[in-house]
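Engineer:
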Amino acid sequence: MEEQLKSMKQQMIAKGYKSTVQREATMRVLLEHERDHMSAEDVYMRVKERFPEIGLATVYRTLELLTELHLVEKMNFGDGVARFDLRSEDHEHMHHHMICSVCGEVEEIQDDWLTELEQRVKREYGFNVSDHRLDFIGTFASCKHGDCRRHCETAS
1 MEEQLKSMKQ QMIAKGYKST VQREATMRVL LEHERDHMSA EDVYMRVKER
51 FPEIGLATVY RTLELLTELH LVEKMNFGDG VARFDLRSED HEHMHHHMIC
101 SVCGEVEEIQ DDWLTELEQR VKREYGFNVS DHRLDFIGTF ASCKHGDCRR
151 HCETAS
């Protein structure tokens, strides 16, 4: 994780931005919870645990900057909440997601299945794809058996 943090800070500095304590704390929280697809408020609450004086606006600005620098991806999984997901240095494109329409569970797919499709789009339409994102909406098998997390929460 320290190497990823160092790389993110270097990319920020290379683009002319300062690496501040607040920005580093925000990046650290994203790295520590990279599979959680956190909202800005989620990130803020985690950062605030370590830096009680930090403001929500600072976290928002940092997340927007990280999005602008393509270090994180701002996403919406259909629930009206903007979530932030780290971009991987070792993948050319953003990873894909499976989103359960019953429980809201989000799982990542690291394989890039769209390379051939991108080549076809370029060949047939003359369009150069710079990035893509693929979200599968459906139901996890565990939700079909009544042990869905959201179903259990609402039934209580």
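The numbers in my numbering rise by one with no breaks, and the one at position 36 of the sequence shown is 36. Just so you know, even glycine gets a beta-carbon here, dropped at the ideal spot from N, CA and C.
Does the distance from the CB of F140 to the CB of M98 come in under 9 Å?
Structural biologist: Their beta carbons are under 9 Å apart, which means F140 touches M98 by this criterion.
Engineer: Since H96 and D135 should fall inside the 8 Å C-beta cutoff, what is the C-beta to C-beta distance between them, to a whole number of angstroms?
Structural biologist: About 7 Å; that satisfies the 8 Å criterion.
Engineer: Under 9 Å, do R50 and H33 count as touching if we go by C-beta distance?
Structural biologist: For R50 and H33, no; Cβs fall outside 9 Å.
Engineer: Should Y125 be labelled buried (16 or more other beta-carbon atoms within 10 Å of its own) or exposed?
Structural biologist: The residue in question, Y125, is exposed, as its Cβ has fewer than 16 Cβ neighbours within 10 Å.
Engineer: With respect to the alpha helix (DSSP H) encompassing L86, which residues constitute its N-terminal and C-terminal limits?
Structural biologist: Element bounds for L86: not the alpha helix (DSSP H) but the beta strand (DSSP E), A82 to L86.
Engineer: Under a Cβ-count criterion, where at least 16 other Cβ atoms within 10 Å of its own Cβ denotes burial, should H37 be classed as buried or exposed?
Structural biologist: Buried, because 16 or more other Cβ atoms sit within 10 Å of the Cβ of H37.
Engineer: Rounded to whole angstroms, what is the Cα-Cα separation between K48 and V106?
Structural biologist: Cα to Cα, K48 sits roughly 25 Å from V106.
Engineer: Does the count of Cβ pairs from the stretch 78-87 and the stretch 115-124 closer than 8 Å reach three?
Structural biologist: Cβ pair count under 8 Å is below three, so no.
Engineer: In three-state DSSP terms, what is C143?
Structural biologist: Looking at C143 - three-state DSSP - the assignment turns out to be helix.
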